[in-house]
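J.: With the sequence shown counted from 1, adding 75 to any position gets you the working numbering.
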Amino acid sequence: MLRNLPSIEEVLNDSALVPVFEHFARTWVTEAVRDATEYTRKRLIDTGVKESREVLRVQIVDRAVKRLYRLRAGSLQRVINATGVVLHTNLGRAVLTPEITAHMASMTSGYTNLEFDLEKGSRGSRYTHIEPMLSFLTGCEAAIVVNNNAAAVLLALSTLAKGREVIVSRGQLVEIGGSFRIPEIMQLSGASMVEVGTTNKTHPEDYTRAISEQTALLLGVHTSNYRIMGFTESVSLEQMVNIGTEARLPVMLDLGSGTLTELTAYGLEPEPTVKQCLAQGVDVLTFSGDKLLGGPQAGIIAGRKEYIDQIKKNQLLRALRVDKMTIAALEATLARYMSPEPLKDIPVLSMLTVEEAALKSQAKRLTRMIAKEIAAAGLPCKTRAVPVIDQVGGGAYPMEELPGWGVEIAGDFKPDQASMLMRNGTPAVLVRIQDDALLLSVRTLFPWDEQVLPELIRRSLEGNRT
Ligand SMILES: *Cc1c(COP(=O)(O)O)cnc(C)c1O
């Protein structure tokens, strides 16, 4: 049974491996061949089949080579997002522009002054880079950037409230997708949580009554991914700030998806901007870099200098610090907010504010392209442009239904299977299924996505026909 199993050396001398050695070091080719040989040895024992030396060698080479190329390609790949969810947490949230990634590339493919003060010729701090721009754009006294908003909240609580009490409303004990829970972050920070009010109602007196010698701060959490409707009452930011001022306690607000611009003119519900919250007197504000801001994954803490200075001294910061790639991408993103038309220069904002008429004509164009491809292949499907409801995503604007447009593909096929085939194509395509049809929202598509979509769709529908 195993008599015909070739030796490692024999496989390595197979001429089919000659081009492979141009791409891979000998060590890794040997490793892959060894694993493939072992796999084949087990298979022969398990099945008891007999095969020629030649056949076995070809099988082993094939398995080893495929594995090497697959590993080298990595597993991160481009995905075409036809779901209409702009800030799709599972698809990497905010998309960056080529200008932003170019700045990131040029700042990372050589040395930078990341932690070096070029004027003084001495050690500097990575936290000095973003701060001036943030304070210019938001009016904050000081700011610091960390790995993500969860880290921002953890660091701020740990610095300002460790071993003491934090008062928070029961209506704001949120859980954000991907396991961010206020009570758990609080516990990790070493602060103890004092819950006040009820799920649906919290009054100013609930806060004032809970204040004691032990209180370190009042925490507000923007309930960004849900709404409590009906018989509700909450304490406004202004009231919280007044209570804090009176009791000489800092007020911290976890804003979640921080916006720097008003989007109400484009039909979105009013959301407090970072600048407005700070102007209302919030002492410490935390928000994400890759939600509505439209930048890289980051957490921003903005607020009064006295508190940010304390945060900068916390040892925990070392474990939560941002990389130069993030700093480069974030400064390039923030720079775009200074342009005359930030909504055009930041993909997240342009996707959210694009006019419905533009989406409609985009959907009609794509429908024609797909219909042509499908007809040429003789597939029994119907395609039409239809109105759809898109979403902001990323835990922002929970109730917001963005009127958009899409392409509906219906016909004699199983939508589940077609969508699975599209997911497994190259590039992968994520679509919605609605009323037994495939639905592709155009809001989240890029021009180059549209070029390749018709063919990808045809192929997955063809694969579905059997
Ligand atoms: C999204 C969100 C977070 C977590 O932010 P990350 O950047 O994902 O770590 C925390 N708090 C609120 C209110 C959020 O909406």
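C-beta: ideal position from N, C-alpha, C; glycine also. If you're wondering where the values come from, they're calculated on a predicted model, not measured in any experiment.
Only counting the same chain, and skipping five residues up and downstream in sequence, which positions put a Cβ closer than 6 Å to that of A236?
T.: If we look at A236 and ignore the five residues flanking it on each side, its Cβ neighbours are A266, A291, L292.
J.: Extract the residue ranges of the beta strand (DSSP E) inside the segment 393 to 472, only unbroken runs of 3 or more that lie entirely within it.
T.: Segments of the beta strand (DSSP E) lying fully in the segment 393 to 472: 456 to 468.
J.: Under 9 Å between the Cβ atoms of V108 and A139?
T.: Result yes, Cβ atoms of V108 and A139 sit closer than 9 Å.
J.: Who pairs with G295 in a beta bridge, going by DSSP?
T.: In DSSP, G295 forms a bridge with L328.
J.: Near V611, what residues of its chain come up, given a Cβ to Cβ distance below 8 Å and the 5 sequence neighbours on each side ignored?
T.: Outside the displayed span of the chain (76 to 541) sits residue 611, for which this structure offers no information.
J.: Could you tell me if L146 is buried or exposed, where buried requires 16 or more neighbouring beta carbons within 10 angstroms of its beta carbon?
T.: L146 is exposed by the Cβ-count criterion.
J.: Looking at the secondary structure, which residues open and close the alpha helix (DSSP H) in which Q526 lies?
T.: Unbroken alpha helix (DSSP H) run through Q526: 522 to 537.
J.: Among the residues of its own chain, which have a CB less than 7 Å from the CB of D358, if the five just before and after it don't count?
T.: So the list reads P325, V326, M327, G378, R379, Y382, once near-sequence residues are dropped.
J.: Mapping the DSSP letters down to three states, classify L514 as helix, strand or coil.
T.: In the structure shown, L514 sits in a strand (DSSP, three-state: E or B).
J.: If you draw a straight line from the C-alpha of E321 to the C-alpha of G468, how long is it?
T.: Their backbone Cα atoms lie some 37 Å apart in a straight line.
J.: State the CB to CB distance for the pair G356 and S309, rounded to an integer number of angstroms; the pair is presumed to be in contact (CB under 8 Å).
T.: The pair is not a contact, with the Cβ atoms about 17 Å apart (cut-off 8 Å).
J.: Once the 5 residues before and after R128 are set aside, which same chain residues still bring their CB inside 7 Å of it?
T.: Around R128: N79, P81.
J.: Within a Cβ cutoff of 7 Å, which residues of the same chain sit near E174, ignoring the five residues on either side of it in sequence?
T.: Excluding sequence neighbours, E174 sits near A407.
J.: Short check: CB of T348 to CB of L424, under 9 Å?
T.: Not in contact: T348 and L424 (Cβ atoms no closer than 9 Å).
J.: Given the structure, does N317 come close to ligand 1, in the sense that its CB is under 8 Å from one of the ligand's heavy atoms?
T.: No; taking the cut-off as 8 Å, the Cβ of N317 has no heavy atom of ligand 1 nearer than that.
J.: Per DSSP, what kind of secondary structure is V124 in: helix, strand or coil?
T.: Correct three-state label for V124: coil.
J.: How would you label T458, buried or exposed, when you count the other beta carbons within 10 angstroms and need 16 or more for buried?
T.: Answer is buried; the Cβ neighbour count reaches 16.
J.: Here's a check: name, in chain order, each residue in its chain whose Cβ is nearer than 7 Å to the Cβ of H204, leaving out the five neighbours to either side.
T.: Excluding sequence neighbours, H204 sits near I402, E406.
J.: Does ligand 1 have a heavy atom nearer than 8 Å to the CB of D398?
T.: Every heavy atom of ligand 1 is 8 Å or more from the Cβ of D398, so no.
J.: Which parts of the segment 244 to 299 are runs of the beta strand (DSSP E), unbroken and 3 residues or longer, counting only runs that do not cross its ends?
T.: Listed in chain order, they are 267 to 271, 290 to 296.
J.: Sorry if obvious, but does the Cβ on S332 come closer than 8 Å to a heavy atom of ligand 1?
T.: Yes, ligand 1 has a heavy atom inside 8 Å of this Cβ.
J.: In angstroms with no decimal places, state the Cα-to-Cα distance between T541 and A450.
T.: Confidence in T541 is poor, its pLDDT being 47 and thus under 50, which makes the residue's placement unreliable; the coordinate value appears in the next sentence. Spanning the two alpha carbons is a distance of roughly 18 Å.
J.: Could you compute how far the alpha carbon of M268 sits from the alpha carbon of N224?
T.: For M268 and N224, the distance between alpha carbons rounds to 19 Å.
J.: Would you check whether ligand 3 has a heavy atom nearer than 8 Å to the C-beta of I251?
T.: This structure lacks ligand 3; its bound ligands are ligand 1.
J.: Take V228 as the anchor and find which of L294, Q526, E85 has the nearest alpha-carbon.
T.: Checked all of L294, Q526, E85; the closest Cα to V228 is L294.
J.: Confirm the yes/no value for this check: CB of S309, any heavy atom of ligand 1, distance under 8 Å.
T.: S309 Cβ: outside cutoff for every heavy atom of ligand 1.
J.: Jot down the residue ranges of each uninterrupted alpha helix (DSSP H) in the segment 323 to 377, minimum 4 residues, whole runs only, in chain order.
T.: Within the segment 323 to 377, the complete alpha helix (DSSP H) runs of at least 4 residues are 349 to 354.
J.: Out of curiosity, what's the CA-to-CA distance linking V527 and P371?
T.: Their backbone Cα atoms lie some 26 Å apart in a straight line.
J.: Under the three-state reduction of DSSP, which class applies to A157: helix, strand or coil?
T.: Coil.
J.: Can we count S363 as close to ligand 1, meaning its CB is less than 8 Å from some heavy atom?
T.: Yes.
J.: Can the beta-carbon of L536 be found closer than 9 Å to that of A493?
T.: Cβ distance < 9 Å, so L536 and A493 count as in contact.
J.: Does any heavy atom of ligand 1 sit closer than 8 Å to the C-beta of F96?
T.: F96: no, Cβ never under 8 Å from ligand 1.
J.: Once the 5 residues before and after E190 are set aside, which same chain residues still bring their CB inside 8 Å of it?
T.: For E190, where only same-chain residues beyond five positions count, the Cβ hits under 8 Å are R198, G199, S200, R201.
J.: Relative to the alpha-carbon of A148, which residue among K195, T339, H98 has its alpha-carbon at the smallest distance?
T.: The residue with the shortest Cα to Cα distance from A148 is H98.
J.: What residue range is occupied by the uninterrupted alpha helix (DSSP H) comprising P94?
T.: Where P94 is concerned, there is no enclosing alpha helix (DSSP H), given that its DSSP letter is neither H nor E.
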